[in-house]
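Colleague: Residue numbers for the sequence shown follow the numbering used here, beginning at 36 and rising by one. Beta carbons: idealized from backbone N, C-alpha and C, even for Gly. Supplied in structure tokens, the structure appears directly below.
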Amino acid sequence: ILDLLFNLATWQAYAKLQLHTEETLKSFDAATVILDKTVCKFKQITCEVYITTELPHEHVAQGYLQAALAANQQGTLAKNRGSPSYGKKLNIQTYKFHVLGHYPNTIQMRGTTDSYSMQPV
36 ILDLLFNLAT WQAYAKLQLH TEETLKSFDA ATVILDKTVC KFKQITCEVY ITTELPHEHV
96 AQGYLQAALA ANQQGTLAKN RGSPSYGKKL NIQTYKFHVL GHYPNTIQMR GTTDSYSMQP
156 V
């Protein structure tokens, strides 16, 4: 876990730099590769040891969703409060994790992330 935290902090430090050189971009790219390997190792080894479940507010929200779906199908509102919490696993197959690998190239092409906005004008 400490390796993961260190690599996340290193990656974020590079991402937050306001001035990059070729050397910092190379180091940032290397840190991104290391972070990817560390996250995969964390998922394969550490996450398999622990049983994780939904947080209480996620469980309640899931109950409301199931009740709403049942109401739409049956025309009545029947909430199932006794259902067990669902197991949760770390999902690294998301857009957020995918985009991490593109940060160094994006900074090289567009500049640092504080120098532009993606909001439409």
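Under the assumption that Leu70 contacts Leu43 (Cβ atoms under 8 Å), give the Cβ distance between them as a whole number of angstroms.
Modeller: Here the question's residue 70 lines up with position 35 in the sequence shown. Here the question's residue 43 lines up with position 8 in the sequence shown. Right, the Cβ-Cβ distance comes to about 7 Å (below 8 Å), so this counts as a contact.
Colleague: With 16 as the cutoff for other CB atoms within 10 Å, does Ala103 come out buried or exposed?
Modeller: As a working mapping, residue 103 is identified with position 68 in the sequence shown. Under this definition Ala103 is an exposed residue.
Colleague: Check whether the Cβ atoms of Leu52 and Thr147 lie closer than 8 Å to each other.
Modeller: As a first step, residue 52 is located in the sequence shown; it is residue number 17 there, counting from the start. As a first step, residue 147 is located in the sequence shown; it is residue number 112 there, counting from the start. Yes. Within cutoff.
Colleague: From which residue to which residue does the alpha helix (DSSP H) around Phe63 run?
Modeller: For the purposes of this step, residue 63 is identified with residue 28 of the sequence shown, where counting begins at 1. Where Phe63 is concerned, the enclosing alpha helix (DSSP H) stretches over 57-76.
Colleague: Would you mind giving the Cβ-Cβ distance between Tyr138 and Thr59, rounded to the nearest angstrom? I have them listed as a contact below 8 Å.
Modeller: Against the sequence shown, residue 138 aligns to sequence position 103. Against the sequence shown, residue 59 aligns to sequence position 24. So it is not a contact: roughly 12 Å between Cβ atoms.
Colleague: For Thr81, which residues in the same chain have their Cβ closer than 7 Å to its Cβ, ignoring the five residues on either side in sequence?
Modeller: Here residue 81 refers to the residue found at position 46 of the sequence shown. Hits under 7 Å: Ile36.
Colleague: Under 6 Å Cβ to Cβ from Gln143, same chain only, skipping five residues before and after it: list those, please.
Modeller: By 1-based counting over the sequence shown, the position of residue 143 is 108. If we look at Gln143 and ignore the five residues flanking it on each side, its Cβ neighbours are Leu60.
Colleague: Would Val84 and Ile127 be called neighbours here (beta carbons separated by less than 8 Å)?
Modeller: Counted from its first residue, the sequence shown places residue 84 at position 49. Counted from its first residue, the sequence shown places residue 127 at position 92. Not a contact, by the Cβ cut-off of 8 Å.
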